[in-house]
Amino acid sequence: MRPLSTLVSSVLALALGALAARPSPTTLAARDELPKYAFAHFMVGVVADYVQADWELDMRLAMDMGLDAFALNIGKDSYNKLQLAYAYTAAETTGFKVFLSFDFAYWNNDDLNTIASYLRTFAARTGQLKIGDKSFVSTFFGDGFPWRDAEAAAGVPIYAAPVWGPDALNNNPNVDAGMQWNAWPSANNQPIDANYTTDGDLWWIQNLNGKPYMAPVSPWFFTHYSPTSFNKNWLFLSDYLWGQRWDQILQLKPQFLEIITWNDFGESHYIGPLHPDKPSVYAGGDDGAVQWVTGMPHDGFRDVAAAYISAFKASAPTPNISKDELVYYYRPNPKDAPCSDPLQKPDGADLVADAVFAIALLTAPGTVVITSGANAPVRIDVPAGATTVSAPMGVGKQVFALERGGAAVFSGTGLLEVSNACTVNNFNVFVGTAF
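FYI, in mature numbering (1 follows the signal peptide of the UniProt record, and there is no 0) the residues of the sequence shown are -20 to -1, 1 to 415.
Here is the structure:
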């Protein structure tokens, strides 16, 4: 799996600079009559062992939460065309859509003809996402790539929505829309003690000068590779990120949104299902993501996304919630738990709270009750809608319940107990649901 590009660092450093003028969020409605689209970034590089049935399973789960397409991130793996053929066929079978997203950690401007050949091969497939008659295509960086030349070489009209820095997007005829990648609180690709803001969104929107904007959304970020593999060992502050970012999306009203990611297990920001029968998807093998992903499902995050995606497409100000549910998440250990892990704790570990969290999706006001280990129950009154709450972490079982008028509505106990000792400094989260 690719590491974060060093391009992220330079772009994020610029994004923190002050701007003299930014548009107000009230001006950020869609610029044209396009419908709104919701995507998820899908790492083709980790699914060498997928068969078509695996693609179909993932696509049906994505459709259930309201997603329109997968952005198929590809490098230069030998199995690209086999897996892309599976993906496009699965899209045709399920009624889902897909589009190519070229990872410019691997591609460059000299690859124009090869990129054009990919576009020519897959643009005519019925599983291809199109805007009008134009085939949607995106990137992971690749600032300045001549998409109009690639379009001419491919012989097919394309709708280019790359992940470029804002300065590269400004008045660039090679782009039809644009996206920023950074979906976490960070500076120069380093953890910071701050919540995520919309400053980056507003800068990208300003530089797009009226072209549609694709906003990033992500639930978490933790990676723990050793210096002998990817040398990536950090954690971005994500305690409240999932709920807060979705509220920002409803405020910003972008044309497109892209969830980062469906299946990047190595960076712990996956919302797709685990695949214990396919350990190759956990990049890095035994010393890689399998250590911090095994037994750590994130499926519940999709339930939160579904409520917001429905509202996003309708330009509604609040999420659409049709049933009461608690989506809870917590780390497996307190941050100072003694570990036999030879690799040090991730950068940013000191920023997170020793707490357990729940996003309450409620049709009416209620009281969330969190009992963490031997701690006394914590009762939190919450309104109807989506609200993120937390309670101090205690070692042992984690129980989450909803009450109304002093009576129990439902409760659930997390399948993972919090432990005060560990073999891996694991700052991923276990996600569960109660309803």
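C-beta atoms are modelled at their ideal positions from N, C-alpha and C, and glycine is treated no differently.
Using a Cβ-Cβ cut-off of 6 Å (strictly less than) and excluding sequence neighbours within five positions of D327, which residues of its own chain qualify? As a working note, residue 327 is residue 347 in the sequence shown. Closer than 6 Å at Cβ, skipping near neighbours: P171 and W214.
Taking V409 as the reference, give the member of A401, G394, S290 and I54 with the closest Cα. As a working note, residue 409 is residue 429 in the sequence shown. The option with the nearest alpha carbon to V409 is G394.
Alpha-carbon to alpha-carbon, L109 and T241: Along the sequence shown, one-based indexing puts residue 241 at 261. Along the sequence shown, one-based indexing puts residue 109 at 129. One C-alpha to the other measures close to 18 Å.
State the Cα-Cα distance for the pair A344 and A148, rounded to the nearest angstrom. Start at 1 with the first residue of the sequence shown, and residue 344 comes out as number 364. Start at 1 with the first residue of the sequence shown, and residue 148 comes out as number 168. CA-to-CA, the gap between A344 and A148 works out to about 46 Å.
If you reduce the DSSP assignment to three classes, tell me which class G374 lands in. The residue labelled residue 374 in the question sits at position 394 within the sequence shown. Correct three-state label for G374: coil.
Answer yes if the region 202 to 221 comes into contact with the region 163 to 182, meaning at least three C-beta pairs across the two stretches below 8 Å, and no otherwise. Yes, the region 163 to 182 touches the region 202 to 221.
For D244, which residues of its own chain have a beta-carbon under 8 Å away from its beta-carbon, when the five flanking residues on both sides are left out? Your numbering for residue 244 matches position 264 in the sequence shown. These residues qualify, in order along the chain: M(-20), H21, M23, V26 and Y250.
Out of curiosity, what's the CA-to-CA distance linking D48 and N355? Numbered from its first residue, the sequence shown carries residue 48 at position 68. Numbered from its first residue, the sequence shown carries residue 355 at position 375. So the two alpha carbons sit approximately 43 Å from each other.
Any idea what DSSP makes of T368, helix, strand or coil? Position 388 of the sequence shown, counted from the first residue, corresponds to residue 368. Note: T368 maps to strand in three-state DSSP.
Can you give the beta carbon distance from T368 to I339, rounded, assuming they're within the 8 Å contact cut? If you number the sequence shown from 1, residue 368 lands on position 388. If you number the sequence shown from 1, residue 339 lands on position 359. Their Cβ separation, rounded to whole angstroms, is 5 Å, which keeps T368 and I339 in contact under 8 Å.
Quick one, are the C-beta atoms of A67 and W35 less than 7 Å apart? Working through the sequence shown from its first residue, we reach residue 67 at position 87. Working through the sequence shown from its first residue, we reach residue 35 at position 55. Cβ distance < 7 Å, so A67 and W35 count as in contact.
Only counting the same chain, and skipping five residues up and downstream in sequence, which positions put a Cβ closer than 7 Å to that of D29? As a working mapping, residue 29 is identified with position 49 in the sequence shown. Cβ neighbours of D29 beyond the five flanking positions: K258 and S260.
Return the first residue and the last residue of the alpha helix (DSSP H) that G223 is part of. Your numbering for residue 223 matches position 243 in the sequence shown. L221 to L232 is the span of the alpha helix (DSSP H), which, as asked, contains G223.
Terminal residues of the continuous beta strand (DSSP E) containing P196? Numbered from 1 along the sequence shown, position 216 holds the residue referred to as residue 196. Where P196 is concerned, the enclosing beta strand (DSSP E) starts and stops at Y193 to V197.
Anticipated Cβ contact below 8 Å, F201 with S248, distance rounded: In the sequence shown, counting from the first residue as 1, residue 201 sits at position 221. In the sequence shown, counting from the first residue as 1, residue 248 sits at position 268. About 6 Å separates the two Cβ atoms, so the contact holds.
Does chain C have any CB closer than 7 Å to the CB of N169? Although the question refers to chain C, the structure presented lacks it and comprises just one protein chain.
Bridge partners for T413 per DSSP, in chain order? Position 433 of the sequence shown, counted from the start, is the residue given in the question as residue 413. For T413, which the question treats as bridged, DSSP gives the partners V307.
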